[in-house]
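Take the sequence shown: its letter number 156 is residue 1499 in our numbering, and every next letter is one higher.
Before any comments, here is the structure.
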Amino acid sequence: MAIPRDVQEFLDAYPDVEDDPAATANFEFYSNKLRCRPDNRTIEEIHETWVGDYDKLEFKHGYIQWLFPIREYGMNYESQPLQTHEIQKMKADPAVVERVLESYRLMLDFYGMRLVSTETGLVDRTLPPRNFGARYRNLVRASHNNLRISRILKCLSEMGLERLNAGFLLHVLTEQIAWTDGGQIAYETRKNERGLGISYEEFVWPRMDTFLREKTMRMF
């Protein structure tokens, strides 16, 4: 299977992308000194007020480039691609790294998941009163979230948090088995409803198989 171009560029560390020392928007945003555009929120305001606001997280599309910057342009041209010098500054700042983790927790909750361990990257379903089944169904229906997930995994790797990617992908694999290996899950209510794993077979696994092998599983 051919490696998608964006994944290959990521694996090659973006050989054609030059660092711009004057571009600092991502570091300033994650330092809580700059408001994202167009939503006009600081990173801490997003963390404090957007948790559980699933409609906002679903239908707004400009925030994801700010929460998970990578060295590629996204659909929000008011955001800035991540710069190499920003990566070094962000990784070296414990407060910034903790905010990246909080952004990851925010999106995991949106997807019906929770981060169990920052050390191992272990991910599990959200607990009541959260309804992980409803979130899984939304994730399957709203395929644009697959693009978001690719961005999230790349960003975590840029921030030195590759271990979290393995936990996420292993959780998805576990949930996929629950759907395809004869398992019955409580939220399966319609016989034609697609399971969580189907969406990932179609998009994430083809795109991220090489990423997982080259960038994540090496730690084992």
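We put the CB at the ideal spot given by N, CA and C, even for glycine.
Residue of the options minimising C-alpha distance to residue i
i            : options                : result
residue 1466 : 1347, 1486, 1516       : 1516
residue 1514 : 1445, 1460, 1481, 1501 : 1460
residue 1508 : 1521, 1492, 1520, 1518 : 1492
residue 1388 : 1397, 1398, 1376       : 1376
residue 1482 : 1398, 1458, 1462       : 1398
residue 1499 : 1371, 1402, 1434       : 1434
Local Cβ density within 10 Å of residue i, reported as buried at 16 or more and exposed below that
i            : result
residue 1574 : A query on residue 1574 cannot be resolved here, the shown segment of the chain reaching from 1344 to 1563 and no further.
residue 1487 : exposed
residue 1410 : buried
residue 1369 : buried
C-alpha gap between residue i and residue j, whole angstroms
i            : j            : result
residue 1497 : residue 1472 : 30 Å
residue 1412 : residue 1503 : 13 Å
residue 1417 : residue 1428 : 19 Å
residue 1390 : residue 1384 : 10 Å
residue 1506 : residue 1421 : 30 Å
residue 1524 : residue 1451 : Per-residue confidence for residue 1524 stands at a pLDDT of 48, beneath the threshold of 50, marking its modelled position as unreliable; the derived number appears in the next sentence. So the alpha carbons of these two residues sit roughly 24 Å apart.
residue 1480 : residue 1447 : 20 Å
residue 1366 : residue 1430 : 12 Å
residue 1351 : residue 1470 : 36 Å
residue 1386 : residue 1362 : 24 Å
residue 1501 : residue 1476 : 30 Å
residue 1393 : residue 1348 : 33 Å
residue 1442 : residue 1436 : 10 Å
residue 1534 : residue 1489 : Model confidence at residue 1534 stands at a pLDDT of 36, short of 50, so the residue's coordinates are unreliable; what they give is reported in the following sentence. Computed Cα separation, rounded: 23 Å.
residue 1364 : residue 1468 : 41 Å
Residue i and residue j closer than 7 Å at C-beta
i            : j            : result
residue 1405 : residue 1381 : yes
residue 1414 : residue 1357 : yes
residue 1395 : residue 1464 : no
residue 1426 : residue 1419 : no
residue 1453 : residue 1512 : no
Heavy atom of the ligand MG within 6 Å of residue i beta-carbon
i            : result
residue 1501 : With respect to the ligand MG, the structure offers nothing, as it holds no ligand at all.
Please specify which runs of the beta strand (DSSP E), each continuous and at least 3 residues long, are wholly inside the stretch 1445 to 1472, giving them in chain order.
1456 to 1458, 1466 to 1468
Which runs of the alpha helix (DSSP H), 4 residues or longer, sit entirely within the stretch 1495 to 1527?
1505 to 1523
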